[in-house]
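K.L.:
As numbered in our numbering, the sequence shown has no gaps in its residue numbers, which increase by one up to the final residue, 358.
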Amino acid sequence: MSTAFSAGIRTALAGQAPVLEVEELSVRFTRRGEAGTQAVDGVSFSVAPGETIGLVGESGCGKSVTSLAVMGLLPGRGVQVGGSVRLDGQELVGAGDRTLRKLRGADMAMVFQDPLSSLNPTVTIGVQVTEVLRQHRGMNGKEATEEAADLLDRVGIPDPRRRLGEYPHQLSGGMRQRALIAMSLACSPRLLIADEPTTALDVTIQAQILELLRELVQGSGTALVMITHDLGVVAGLCDRVHVMYAGKIIETAERRDLFARPRHPYTGGLLASVPRLDTPRGTALTPIRGSARDAIPWAQGCAFAPRCDSGQDDCLTEVAGTTVPLEDDGPGRELRCRHPLATAPVAGSPTTSGADR
């Protein structure tokens, strides 16, 4: 797809109402006799038609739980979900199972992290793809088979008719991921959530999967939420980025601006820990010290404070009993930090070194 054509689609879709609106979403896991764990804490974002946003952070920051809450896939017991999730204006928090089953696969779909465990190992690829078509589009067996073969062909699986009769273990990791994407796009959903879709794939296959997602989203105007810890994926695919830590969004910016001028120390740490080809041989990486488990409750201060090299005494205290707020930090930017990094561009960032769509 040409750059001019893609830009034309985005311009035509500009100004439309968001496909997905998430406001103050919270998810708490509870166990009898225990205080519980706050996995998602007041997350808000929206995504428009034809737009790709990224939810970025280390494992355990709440990205995947956020996506499962949006899809209504969290277990019914031991989970408290609050806030609002609206798909084309329809409230999903508190919606019944029947309503959610009608929406999943038809209006919203998800590409899960591990294709081998996400696909049923005892059922052929053809049955799993045609099931979506028969359930949501009312196709008969012959029509569904023809459409399934066309979907596999569209996502780049060679000899698609033969693949319909094969089982997941007979496909490579890249083919399994493509089959999952084909299933997700079978009904042209308005919203697509991709949870670490390139995990455990080699670099070449990763690039092919990302290019496939880019073309499909730009060609159909689908809203895409990309969940990843891979900043290379973000640099090449996302329009807007939300950085998460300990269940909260701590920085939001346009992709170019975020990579050129990270403001939160956590965002700067993520960028500094990525190996680069333009650094001298032998240059040591700068990892973020500690682990995500070292976070403190937001009610006590900034959750990142125990790991932050820019922290001050006031990062561990609260003002007026409220958590560190998410505030405006310039045009199109929001930041949750009392002592942000300087605004000077980061040398060698993806935007300054030429990485772009």
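Yeah, the Cβ is synthetic: ideal placement off N, Cα and C, and Gly gets one too.
Taking only the alpha-carbon atoms, compute the straight-line gap between A150 and K103 and give it to the nearest angstrom.
P.N.:
24 Å
K.L.:
Assuming the contact rule is C-beta atoms closer than 8 Å, A273 and T287 should be a hit. Round their C-beta distance to whole Å, please.
P.N.:
4 Å
K.L.:
Could you tell me the alpha carbon to alpha carbon distance between G237 and Y267, rounded to whole angstroms?
P.N.:
21 Å
K.L.:
Which one or two residues does DSSP pair with R241 in a beta bridge?
P.N.:
I54 and E255
K.L.:
Rounded to whole angstroms, how far is the Cβ of L342 from the Cβ of R277, which I believe are closer than 8 Å?
P.N.:
Contact flag wrong, Cβ pair sits at about 18 Å.
K.L.:
With H, G and I counted as helix, E and B as strand and the rest as coil, what does DSSP make of T205?
P.N.:
helix
K.L.:
Report the rounded CA-to-CA distance for L69 versus R339, giving the unit in angstroms.
P.N.:
31 Å
K.L.:
What is the C-beta distance between S60 and H230, in whole angstroms, given that I count them as a contact (C-beta under 8 Å)?
P.N.:
7 Å
K.L.:
Could you tell me how far apart the beta carbons of G84 and E25 are, in whole angstroms, since I believe they sit closer than 8 Å?
P.N.:
4 Å
K.L.:
Excluding the 5 residues flanking T67 on each side, which residues of the same chain have their C-beta closer than 7 Å to its C-beta?
P.N.:
L26, V41, V44 and L56
K.L.:
Using the three-state DSSP reduction, which class does S221 fall into: helix, strand or coil?
P.N.:
Three-state DSSP puts S221 in a helix.
K.L.:
Is DSSP giving A110 helix, strand or coil here?
P.N.:
strand
K.L.:
Does the structure place the segment 166-176 close enough to the segment 187-199 that three or more beta carbon pairs sit under 8 Å?
P.N.:
The segment 187-199, when compared against the segment 166-176, does not touch it at the 8 Å Cβ threshold.
K.L.:
Given this structure, state the Cα-to-Cα distance separating L75 from D279, to the nearest angstrom.
P.N.:
43 Å
K.L.:
Answer yes or no: do A96 and G77 have a C-beta to C-beta separation smaller than 8 Å?
P.N.:
no
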